[in-house]
Amino acid sequence: MNHLRNRLSPLLSTRRSLPTTPVPLLLLSLHRLLSATAASTSPKPFSVEEYLVSTCGLTRAQALKASKNLAHLRSPSRPDAVLAFLSALGLSRPDIAALLSDLGLSRAQIARLVPLARSAFRSSALGPNLGLWLRVMGSFDKVLTVLRLRCNILGSDIEKVVKPNLALLQQYGIHACNFPSNSYLPLVMTRAPEHVQAVVTRISKFGLRQDSRVFAKALMVFGVHRQEKVDEKIRALEMLGWSQYDVLTAVRKMPNLLNMSKERLQRNLDFLARDVGLEIPYIAQRPVLLMYSLESRLIPRHHLIKILNAKGMLSDKFDLYSVFALSEKKFLDRFMNPYKHMVPGLADAYASSCAGKVPHGHTYLI
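Here the sequence shown stands for residues 1 to 366, where the numbers follow our numbering.
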């Protein structure tokens, strides 16, 4: 495999061309070859395992393992085209055998990888990096999702950066394979180990349990943003009347709160405190309230409740948090459907409010 990387790296890291075709066009050609779905008919039954042994030089055991990812192949035409491309790069049969057996990727998987990781093909560390992240993330699809987030995970130093960070996180029971593939945890793991250690130390000061899922979420928030940005959000909350205890309470429950822009934080807090009448300690205990959409959830639901209250239709006491936290279906079943025939125009008023057509503070139907 090292020989393969040594052969690929100079070809892909320089600007010189093959006899007639620039390398970027060769990569594009490879992508097209691998993405093609048409297959030629073969007079004899095609065996993927035999093909890998006789043509690619794999051992019988390697071929058996690799063939599981290539079971969809019905003829040698497309594999032959791919082999021709690799040969054009100067790869020998042993090189190709190492590529297939070490990475264990199918033709379709390589086709999906090429457009997302072209720069990685210029590095001799592609094989080890990809192999590590496949193990860390638990699946090829998760790796692709992370690459789509523009996380340069395949270009990180495994020994000096990734492995030390993985070891540190595992001390706190944090495993990347347990997280959604669209999370930014892999990005945190590519930061300098000193940065990650400092982030862990800072999060601990918030009193979060290190083995909790919230701790891991806080790690993503504090690890991705610069400390100055996080401090700026905290100061913004304090300027809006939050005590340090309120801030600690909210962040402990929902670290993602600090991902919000200062403008959105202020708009939502102004509405909840001034229009709805909720107190800051109440909101801090339920920080998800600040993260709900002001236009499509908070204002429309508050407007509907005001209408029903004004008409004396809500005799039961209820917690306002439960009103905003209900799913849309449950909210409609509880506060819309029982009253829409008793209050003409109620459904239209709610729909208009959800569409942003009812001005803030409008008293239509009240």
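All residues carry an ideal CB built from backbone N, CA and C; glycine is no exception.
Under the three-state reduction of DSSP, glutamate 159 is assigned to helix. In the three-state DSSP reduction, tryptophan 133 falls in the helix class (H, G or I). The C-alpha of leucine 278 lies about 36 angstroms from the C-alpha of isoleucine 174. Counting the other CB atoms within 10 Å of its CB gives methionine 239 a total below 16, which places it among the exposed residues. Around the C-beta of tyrosine 350, 16 or more other C-beta atoms lie within 10 Å, and the residue is accordingly described as buried. Per DSSP, the unbroken alpha helix (DSSP H) holding phenylalanine 140 starts and ends at 140-148. Between glycine 155 and alanine 198, the C-beta gap is not smaller than 9 angstroms, which leaves the two residues out of contact. For phenylalanine 318, there is no enclosing alpha helix (DSSP H), since its DSSP letter is neither H nor E. Distances from the CA of valine 323 to each of Val276, Gly356, Glu228 were compared; the closest alpha carbon is that of Val276.
Per DSSP, reduced to three states, the secondary structure at asparagine 337 is coil, with no helix or strand assignment.
DSSP places methionine 220 in the helix class (H, G or I) of the three-state scheme.
By the neighbour-count criterion, in which 16 or more other beta carbons inside 10 Å mark a residue as buried, serine 293 falls on the exposed side.
Rounded to the nearest whole angstrom, the C-alpha separation of lysine 217 and proline 281 is 22 angstroms. Annotation: tryptophan 242 to asparagine 129 spans about 45 angstroms, alpha carbon to alpha carbon. Comparing C-alpha distances from leucine 326 to each of Ala355, Gly312, Leu289 shows the shortest one belongs to Leu289. Contact check for methionine 336 against leucine 304 passes: the beta carbons are separated by less than 9 angstroms. Within 10 angstroms of the beta-carbon of serine 139 lie fewer than 16 other beta-carbons, which makes it exposed. The beta carbon of valine 196 lies closer than 7 angstroms to those of Asn165, Leu168, Val188, Gly223 in the same chain, with the five residues before and after it left out. For glutamine 244, the enclosing alpha helix (DSSP H) covers residues 244-253. For the 9 angstroms CB-CB criterion, lysine 311 and proline 287 do not form a contact.
The C-beta of lysine 330 has fewer than 16 other C-beta atoms within 10 Å across all chains shown, which makes the residue exposed.
If you ignore the 5 residues before and after asparagine 268, its C-beta comes within less than 6 angstroms of the C-beta of Leu290, Leu294, all in its own chain and listed in chain order. Of the candidates Leu332, Leu298, Val343, Gln170, the residue whose Cα lies closest to the Cα of leucine 308 is Val343.
The alpha-carbon of glycine 104 is positioned some 47 angstroms away from that of leucine 248.
Put simply, of Asp211, His225, Ala117 the residue whose alpha carbon is nearest the alpha carbon of glutamine 171 is Asp211. The C-alpha of leucine 320 is placed about 12 angstroms away from the C-alpha of lysine 306.
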